[in-house]
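Asker: Chains as they are written, first to last, in the working numbering: chain B, 420 to 529; chain S, 196 to 281.
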Amino acid sequence: MTAEQLHPLLSGYAESQGIRLNKDREFVMDILRGLLTNEQRYGYRSCPCRLAWGTKERDADIICPCVYRDPDIKEYGSCYCELYVSVEWNEGKREHRQVPERRPKEKRKM
Amino acid sequence: MAKKKTKIRLYTLSTCSHCLRTKKFFKEIGIDAEVTDVDLLTGDEREKIMNEVRKLNPDCTFPTICIDDKVVVGFNEERIRKALGE
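(1) Determine the extent of the alpha helix (DSSP H) in which Thr-217 of chain S is found, giving its start and end residues.
(2) Between the segment 430-456 of chain B and chain S, which residues of the former have CB atoms less than 7 Å from a CB of the latter, in chain order?
(3) Where does Pro-484 of chain B land, buried or exposed, given buried means 16+ other C-beta within 10 angstroms?
(4) Show which residues of chain B have a CB atom less than 9 Å away from the CB atom of Asn-246 of chain S.
(5) Whole alpha helix (DSSP H) runs in the segment 229-276 of chain S with 4 or more residues, listed along the chain?
(6) Residues in the same chain with beta-carbon distance under 6 Å from Asp-478 of chain B, minus the five sequence neighbours each way, listed in chain order, please.
(7) Could you name the residues of chain S that Tyr-467 of chain B contacts, counting a contact when the two beta carbons are closer than 8 Å?
(8) Check whether the Cβ atoms of Leu-215 of chain S and Thr-231 of chain S lie closer than 9 Å to each other.
(9) In the structure shown, what three-state DSSP assignment does Leu-470 of chain B receive?
(10) Does the beta-carbon distance from Arg-460 of chain B to Cys-255 of chain S come in below 9 Å?
(11) I'd like to know whether the C-beta of Arg-527 of chain B is nearer than 9 Å to at least one C-beta of chain S.
(12) Can you give the Cα-Cα distance for Pro-427 of chain B and Thr-201 of chain S, rounded to whole angstroms?
(13) How big is the Cα-Cα spacing for Arg-276 of chain S and Thr-217 of chain S?
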């Protein structure tokens, strides 16, 4: 699958959940390419903005959409990667802030 | 006297779009940066680099941007420009 094929699928999925994909298409394509690269590497879509352990069990919480996405969108209007965002974030009604890493340190590949 | 050349070191992930933005930014402003995509390293080499990242950025998140002795975590253009002394 290519990033171009994946985009409409994830866009529809996001809308079904009342959120959106980031409207910056070029930026989103970079993220999707990262996701697909990780899927080829590890066999699952590990978050492209986090260093993966490489085993599904240890990376379960950061398989996209990660478990941190919804609390991040609630608090900041976007997920850590800025792939998934709120409607207001896309419309510029929310400040675009850098989302701090919510994943607990003990889970991180450090 | 020639201005001392700023040393830029980027610790990044090859799959991360914020890291990509960071690399593009330094290219656009014409400043050379030493870039290390940590996810492409393995074994001792990766461990050595991760030790460096841990010291610079205990959170071990990416991108970790070193501008001489200043560290900026995440692609934050304002903070980067400030660290560049602009």
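Glycine residues also receive a C-beta, built at the ideal position from the N, C-alpha and C atoms. These figures come from a predicted structure and were not determined experimentally.
Answerer: By the coordinates alone:
(1) 212-223 is the span of the alpha helix (DSSP H), which, as asked, contains Thr-217 of chain S.
(2) Cβ contacts with chain S: Phe-446, Asp-449, Ile-450, Gly-453, Thr-456.
(3) Under a 10 Å Cβ-count criterion, Pro-484 of chain B is classified as buried, with 16 or more other Cβ atoms of the shown protein chains found around its own Cβ.
(4) Per Cβ cutoff of 9 Å: no residues; Asn-246 of chain S is ~10 Å from chain B at best.
(5) Here the runs fully enclosed are 238-251.
(6) Non-local C-beta neighbours of Asp-478 of chain B in its own chain, meaning closer than 6 Å and more than five positions away in sequence, comprise Ser-465, Ala-471, Trp-472, ordered along the chain.
(7) Contrary to the premise, residue 467 of chain B reads as Pro rather than Tyr in this sequence. Chain S residues near Pro-467 of chain B: Leu-208, Thr-210, Cys-211, Ser-212.
(8) No; because the gap between Cβ atoms is not below 9 Å, this pair is not in contact.
(9) Here Leu-470 of chain B sits in coil by DSSP.
(10) Cβ distance not < 9 Å, so Arg-460 of chain B and Cys-255 of chain S don't count as in contact.
(11) Judged by the 9 Å Cβ criterion, Arg-527 of chain B is in contact with chain S.
(12) In a straight line, the C-alpha of Pro-427 of chain B is about 43 Å away from that of Thr-201 of chain S.
(13) Each residue's alpha carbon lies about 12 Å from the other.
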